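Numbering (the numbering used here), first residue to last: 3 to 79. We put the CB at the ideal spot given by N, CA and C, even for glycine. Computed from a predicted structure; not experimentally measured.
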Amino acid sequence: MYDIEEFSAIINAPESAILAVGKIMKKPVVTENDEIAVRPMMKMTLSCDHRVIDGALGARFLRRIKQLLEDPIEMLI
3 MYDIEEFSAI
13 INAPESAILA
23 VGKIMKKPVV
33 TENDEIAVRP
43 MMKMTLSCDH
53 RVIDGALGAR
63 FLRRIKQLLE
73 DPIEMLI
């Protein structure tokens, strides 16, 4: 939408967290077979109020979002 690759969102009261999502870009990656392939990649940044949300919980949240985006059929199961 705004052609932004990556950014950090600022938490506004009374929010406890905010997710910043960058644009999808094609990037070279090494596959499981040690081959180079072009894949769509996107950067996400989670800003948390650590008085409310522990950083480890935020990391688990991001990992789960990553799993769902990489395998969206899980959302239907």
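On the DSSP bridge list, what partners appear for K29? R41
Can you tell me the Cα-Cα spacing of K45 and M77, whole angstroms? 21 Å
Whose C-beta lies closer than 7 Å to the C-beta of I38 among residues of the same chain, with five residues either side of it excluded? P30, V32
Helix, strand or coil for A15? Go by DSSP, reduced to three states. coil
Helix, strand or coil at L1 [DSSP, three-state]: Any property of residue 1 remains undetermined from this structure, which presents the chain solely from 3 to 79.
May I ask you to report which of helix, strand or coil DSSP gives L64? helix
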